[in-house]
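>
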Amino acid sequence: MIRVTRRQVLGGSAAALLGALHPGPRLGAQTASAGPPAAQLLEDLVAANRILADQAVLDGYGHVSARHDRDPARFLMSRSLAPELVTAADVMEYGLDSEPIDPRGRPSYLERYIHGEIYRARPDVQAIVHSHSPSVIPFGVTGVPLRPLYHMSAFLAAGAPVWDIRAAAGDTDMLVRTPAIGQALARSLGSHAVVLMRGHGVVVVGSGLPHAVFRSVYTEVNAKLQAQAMGLGGPVTYLSPEEAKRAEGSVGGTLGRPWELWKRKLRRDP
Ligand code: MN
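First residue of the sequence shown? That's 17 in my numbering, and the numbers climb one at a time after it.
1. Give me the Cα-Cα distance between A250 and A243, rounded to the nearest whole angstrom.
2. At which residue ranges does the stretch 190–257 contain complete beta strand (DSSP E) runs of 3 or more residues, listed in the order of the chain?
3. Compute the distance between the beta-carbons of V229 and I67, then report whether it is under 7 Å.
4. Could you check if G272 is buried or exposed, using at least 16 other CB atoms within 10 Å of its CB as the buried criterion?
5. E14 bridges to which residues according to DSSP?
6. Whose CA, out of A82, D75, S81 and S114, lies closest to the CA of E100?
7. CB Y127 to CB V192, shorter than 7 Å?
8. Does the beta-carbon of E236, which I'm using as the reference point, lie nearer than 6 Å to any heavy atom of the ligand MN?
9. Taking only the alpha-carbon atoms, compute the straight-line gap between S204 and S49 and give it to the nearest angstrom.
10. Give me the residue from R95, P164 and S147 with the minimum Cα distance to N238.
11. Mind checking which residues open and close the alpha helix (DSSP H) that includes R136?
12. Can you give the Cα-Cα distance for Q71 and T47, rounded to whole angstroms?
13. Which first and last residues belong to the beta strand (DSSP E) in which I144 is found?
14. Nearest-angstrom Cα distance between L97 and Y125?
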């Protein structure tokens, strides 16, 4: 039983006491950590950041996240930091509202809503990359569709939709800085592997970090090769849907090979 003294009421603390009597939703239940992620997941998330910087998909900007292995309603992502500099100590836990569970003063990426809203909309997605992958940008602004030119990018066969932030939010600074804009982007991604962001960049999703990293690297390579092929002037032959299906199946079994190579190259670096 809470005793309200005359002095407390007169002292203006009545509102606080009302709060104590009617505490409302249990905030503590929503802010408790899901617990530490598996060491391998954390190591892979740090590696993914550095690999994508090494492969020139990420530069000083962009981010990678992974769904938490202990709780599908949580994801892991670095504090606001250039990807190449990310270490395990920089990784924070986020809710699907894209807010950090225990920020302790550490700033978050402005565009974190990309991640939370896609994890919410796509239960199959375990890792997400947002980049400004340079060769992809022209395909977001010209109406020329990005299509699979060779077997490594067979995952593009279902198409890479172009999302225009202007249709969702009018004139903006182009950043996905609210949950509503993130939801519009997630709707445009739909069930695809890749969504292009007009005048900005790209989002790539995968069934795990090696998968999302692989797709990000080969989305960039395909865009570069497709522009070269179109520049040669003749008609371009793309993978047929059946070829793409078979190629994705074959290449999908070998994802560990480039992943181990890319990780090894990091260890050689100072
Ligand atoms: Mn961005």
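Idealized CB from N, CA, C, for every residue including glycine.
Keep in mind the model is a prediction, meaning the values are calculated, not measured.
In brief:
1. The displayed chain sequence assigns Gly, not Ala, to residue 250. Rounded to whole angstroms, G250 to A243 spans 12 Å at the Cα level.
2. Along the length of the stretch 190–257, whole beta strand (DSSP E) runs at least 3 residues long occupy 210–213 and 217–222, reported in chain order.
3. Note that the C-beta distance between V229 and I67 is below 7 Å.
4. It is exposed - the Cβ of G272 has fewer than 16 other Cβ atoms within 10 Å.
5. Examination of residue 14 is not possible in this model, given that the chain is present from 17 through 286 alone.
6. Among A82, D75, S81 and S114, the Cα nearest to that of E100 belongs to D75.
7. The identity of residue 127 in the sequence shown is Glu, whereas the question assumes Tyr. For the pair E127 and V192, the CB atoms are nearer than the 7 Å cut-off.
8. In this structure, E236 has its beta carbon at no less than 6 Å from each heavy atom of the ligand MN.
9. Spanning the two alpha carbons is a distance of roughly 31 Å.
10. Minimum Cα distance to N238 is reached at P164.
11. Taken as a continuous stretch (DSSP letters only), the alpha helix (DSSP H) holding R136 covers Y129 to A137.
12. Rounded to whole angstroms, Q71 and T47 show a C-alpha spacing of 36 Å.
13. Here the beta strand (DSSP E) through I144 covers A143 to S147.
14. Inter-residue distance for L97 and Y125 is about 8 Å (C-alpha atoms, whole angstroms).
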